[in-house]
Amino acid sequence: MLTAAGVSFAAHPAHVDEVALRHSLTGQPAARVADSLAEVKALKLSPRFPGQLVLGADQLLVTAAGALLDKPVDRAAAAEQLRALSGSEHRLVSAAVIAENGRPVWRSQDSARLTMRTLSDAFIEAYLDAELPGVLGCVGSYRIEGRGVQLFARVDGDHFTVQGLPLLAVLDYLRVRGELLA
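Adding 1045 to a residue's 1-based position in the sequence shown gives its number in this note's numbering.
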């Protein structure tokens, strides 16, 4: 998304144990959990890049029952997620934190509601045939920017938030900081 927006950046993995951190935040609102994960990622990398802005981001999927889904580990888990989400509404919560010199200087969260249409087993299998292994890195087992759009009957919210980053807010902050032309 940043590349498409014309923003120069370098990507570096933070190597954060997201599952353990999420479990330590059990019972917290999804926005707080996503924000905490984004902050940990930004803060872990920020000391390696003094004087530079470091963006950490995270996204959570909250089912209609309030459960948080993890990324699927294999095809069976992806199919199980799609079956569980089929015919129901869920929420995606995306958070971004920018750190500088080892401390957070900016943060934003946004959420979107998605209604998945009822999916047949045949559709799920054909979808996974076409989209694996790519969707194994995606909570909910879909990428809406591709074939995953066929899973939905309705999407309420910002498209970039659905893709995993409150991009418009990030771009606005980069303009305020003078990193992008206003």
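Even for Gly, the Cβ is constructed at its ideal location relative to N, Cα and C.
Remember, predicted model here, so these are calculated numbers, not experimental data.
Where the alpha helix (DSSP H) through residue i begins and ends
| i | result |
| --- | --- |
| residue 1169 | 1166-1176 |
| residue 1197 | Segment 1197-1201 is the beta strand (DSSP E) holding residue 1197; no alpha helix (DSSP H) there. |
| residue 1130 | 1120-1130 |
Buried versus exposed call for residue i [16 or more other C-beta atoms within 10 Å across all chains shown]
| i | result |
| --- | --- |
| residue 1205 | buried |
| residue 1142 | buried |
| residue 1099 | buried |
| residue 1226 | exposed |
| residue 1171 | exposed |
Selection from the options that minimises the alpha carbon distance to residue i
| i | options | result |
| --- | --- | --- |
| residue 1196 | 1175, 1212, 1203, 1131 | 1131 |
| residue 1123 | 1155, 1075, 1193 | 1193 |
| residue 1185 | 1156, 1127, 1138 | 1127 |
| residue 1106 | 1155, 1096, 1119, 1191 | 1155 |
| residue 1078 | 1144, 1219, 1187, 1102 | 1102 |
| residue 1063 | 1202, 1116, 1096 | 1116 |
8 angstroms Cβ cutoff, residue i in contact with chain B
| i | result |
| --- | --- |
| residue 1209 | The structure shown has no chain B; it contains just one protein chain. |
Beta-carbon gap between residue i and residue j smaller than 8 angstroms
| i | j | result |
| --- | --- | --- |
| residue 1085 | residue 1066 | yes |
| residue 1136 | residue 1162 | no |
| residue 1160 | residue 1198 | yes |
Residue i - containing beta strand (DSSP E), residue span
| i | result |
| --- | --- |
| residue 1081 | Not the beta strand (DSSP E): residue 1081 falls in the alpha helix (DSSP H), residues 1075-1090. |
Residues that residue i bridges to, as DSSP identifies them
| i | result |
| --- | --- |
| residue 1156 | 1138 |
| residue 1161 | 1197 |
| residue 1212 | Paired residues: none, contrary to the question. |
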